[in-house]
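Novice: In the numbering used here, the protein residues as written are 13 to 74.
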């Protein structure tokens, strides 16, 4: 097996791990209701994709 010749420094180790952090999802606002939603997805509250494209009809909640 290959083994490293020299020990990696803390700086080099941490630079490598800089992309391991968890990121929050980017949320946008629904144009119809103003509710937060993921981009490029259908809003569950209104049933619209974007401003004009209706995907499904939402029934009133109990």
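Even glycine gets a Cβ: it sits at the ideal position worked out from N, Cα and C.
Hey, residue 70 and residue 61: beta-carbon distance below 8 Å or not?
Specialist: In the chain shown, the residue the question calls residue 70 occupies position 58. In the chain shown, the residue the question calls residue 61 occupies position 49. No, Cβ-Cβ distance for residue 70 and residue 61 is not below 8 Å.
Novice: With DSSP run on the structure shown, which of helix, strand or coil describes residue 6?
Specialist: Outside the displayed span of the chain (13 to 74) sits residue 6, for which this structure offers no information.
Novice: Among the residues of its own chain, which have a CB less than 6 Å from the CB of residue 57, if the five just before and after it don't count?
Specialist: Along the chain shown, read from residue 1 onward, the residue named residue 57 stands at position 45. Here the set comprises 45, 47.
Novice: May I have the straight-line CA-CA distance separating residue 59 from residue 41, to the nearest angstrom?
Specialist: Locating residue 59 in the chain shown gives position 47, where the first residue counts as 1. Locating residue 41 in the chain shown gives position 29, where the first residue counts as 1. The alpha-carbon atoms of residue 59 and residue 41 are separated by roughly 14 Å.
Novice: Indicate whether residue 43 and residue 63 have their beta-carbon atoms separated by less than 8 Å.
Specialist: One-based indexing of the chain shown puts residue 43 at position 31. One-based indexing of the chain shown puts residue 63 at position 51. Result yes, Cβ atoms of residue 43 and residue 63 sit closer than 8 Å.
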